[in-house]
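Participant:
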Amino acid sequence: DTAVSQTPKYLVTQMGNDKSIKCEQNLGHDTMYWYKQDSKKFLKIMFSYNNKELIINETVPNRFSPKSPDKAHLNLHINSLELGDSAVYFCASSQDYASGGRTSTDTQYFGPGTRLTVL
Amino acid sequence: AQKITQTQPGMFVQEKEAVTLDCTYDTSDPSYGLFWYKQPSSGEMIFLIYQGSYDQQNATEGRYSLNFQKARKSANLVISASQLGDSAMYFCAMRKSNFGNEKLTFGTGTRLTIIP
Chain Y
11 DTAVSQTPKY
21 LVTQMGNDKS
31 IKCEQNLGHD
41 TMYWYKQDSK
51 KFLKIMFSYN
61 NKELIINETV
71 PNRFSPKSPD
81 KAHLNLHINS
91 LELGDSAVYF
101 CASSQDYASG
111 GRTSTDTQYF
121 GPGTRLTVL
Chain W
-12 AQKITQTQPG
-2 MFVQEKEAVT
8 LDCTYDTSDP
18 SYGLFWYKQP
28 SSGEMIFLIY
38 QGSYDQQNAT
48 EGRYSLNFQK
58 ARKSANLVIS
68 ASQLGDSAMY
78 FCAMRKSNFG
88 NEKLTFGTGT
98 RLTIIP
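So this is what it looks like as structure tokens:
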């Protein structure tokens, strides 16, 4: 019954590798997000997709490429991993108010996070 | 640009006491939403409570209430009758509009420790 799920939960890899993190939501939401939480616990938006369309891209390096095959999935692919990419990556989703059927608060619900460690 | 400030990096509170976590915000937008999330040591982000900028009453959700003072641009979280399970990081966040798919801007968080 998980609302927003991410795989894997932990990812340890070498510098220079390419890796992907997958996210799925079963809430029927229209919008999905990727956030990055750094070692000081600071959370920052990376990307947002609405109905498979990119709507927010917060000056993230080109090595990061989100892909949304359908509105229930938003994957994050990272090329040429660097030490500074080590962080916890959170996927989130929310209902698009304009689509109707919104929740009263249009809250963003988060996945459990993926801890990426680049060695 | 929006900004969220949480001035308490850490707090220690005796079990069963009430606790107030401070949050001030800065925005020039007339329409915005304010959120509190809890992050326990297990790492997940748990939504606690929401306040819209046009809401007339302070939001409440069980033991959580939001002390919304619009003129002072503050949105403090109040936890009544604290429990050991309340020990966690707490994040205040803001979204530009009351609804829609705008991004969340987070504060730096407050680490709350409940002492038995």
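As given, the protein sequences belong to chains Y and W, one line each in that order. According to our numbering, the first sequence is numbered sequentially starting from 11. According to our numbering, the second sequence is numbered sequentially starting from -12. Idealized CB from N, CA, C, for every residue including glycine.
(1) Taking 7 Å as the CB-CB cut-off, is Y12 (chain W) touching chain Y?
(2) Taking all protein chains shown into account, do 16 or more other C-beta atoms lie within 10 angstroms of the C-beta of I102 (chain W), making it buried, or fewer, making it exposed?
(3) With Y59 (chain Y) and A102 (chain Y) assumed to form a contact (beta carbons below 8 Å), what rounded beta-carbon distance in angstroms separates them?
(4) Would a check of beta-carbon distances place P18 (chain Y) closer than 7 Å to chain W?
(5) Going by Cα to Cα distance, which pick from W:L35, W:T11, W:A5 is closest to Q(-7) (chain W)?
(6) I need the DSSP call for A94 (chain Y), collapsed to helix, strand or coil.
(7) Three-state secondary structure (DSSP) at G38 (chain Y)?
(8) Does any residue of chain W have a CB that is nearer than 7 Å to the CB of S109 (chain Y)?
(9) Thinking M76 (chain W) and G96 (chain W) are a contact (beta carbons under 8 Å), I'd like their distance in whole angstroms, please.
(10) Can you tell me whether D73 (chain W) is helix, strand or coil according to DSSP?
Facilitator: Result, derived from the coordinates:
(1) Chain Y, which has no Cβ nearer than 7 Å to the Cβ of Y12 (chain W), makes this no.
(2) Counting Cβ neighbours within 10 Å, I102 (chain W) comes out exposed, since fewer than 16 surround it.
(3) Taking C-beta atoms under 8 Å as the contact rule, Y59 (chain Y) and A102 (chain Y) fail to qualify, at a distance of about 11 Å.
(4) For P18 (chain Y), not one C-beta of chain W is nearer than 7 Å to its own C-beta.
(5) It is W:T11.
(6) What sits at residue 94 (chain Y) in the sequence shown is Gly, not Ala. Helix at G94 (chain Y).
(7) Correct three-state label for G38 (chain Y): coil.
(8) Only weak support is given to the placement of S109 (chain Y): the predicted model assigns it a pLDDT of 45, under 50, and the question is left unresolved by the model.
(9) Yes, M76 (chain W) and G96 (chain W) are in contact; Cβ-Cβ is about 5 Å, under 8 Å.
(10) D73 (chain W): helix per DSSP, three-state reduction.
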